[in-house]
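Residue numbers (UniProt numbering): 1 to 147. Glycine is no exception: its CB is placed at the ideal position from the N, C-alpha and C atoms.
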């Protein structure tokens, strides 16, 4: 069965992965720099190849997110793309994890687009924009009703 993953491109994926490790608690970071042969084939400067990322990945709350450098191509993030962490509002540990992560991320300086608050459907939701312009939705819903 196929799986769907987020694949993000950054100006500097190595730096971005360090940010997500520090702020989002990302684990299992894996990064493969561009090697000299790839750089030559793609017309990328061979200076500082150790700081480049051909392919990388990390895990936040059990969710794998893949990434790479943009290499001067591609578009920056826009508000048309949002990543969502979904938690079970009927599970006290899940709610605590939601609130802890949201607090840590917002205290890091992320822009609050919509504060975390109770919603009419019986859950919670808040939206932030991280330092790279990527929108993250922190969401909790009663799984017995919706999932």
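In the structure shown, residue 9 falls within a strand segment according to DSSP collapsed to helix, strand and coil. Annotation for residue 139: 84, 86 and 125 place their beta carbon closer than 6 Å to its own, counting only its chain and skipping 5 residues before and after. Comparing alpha carbon positions, the residue from 50, 60 and 27 closest to residue 38 is 50.
Under a 10 Å Cβ-count criterion, residue 47 is classified as exposed, with fewer than 16 other Cβ atoms of the shown protein chains found around its own Cβ. Following the DSSP letters along the chain, one finds residue 140 inside the beta strand (DSSP E) bounded by residues 135–141. Burial of residue 130 is indicated by the presence of at least 16 other C-beta atoms within 10 angstroms of its C-beta.
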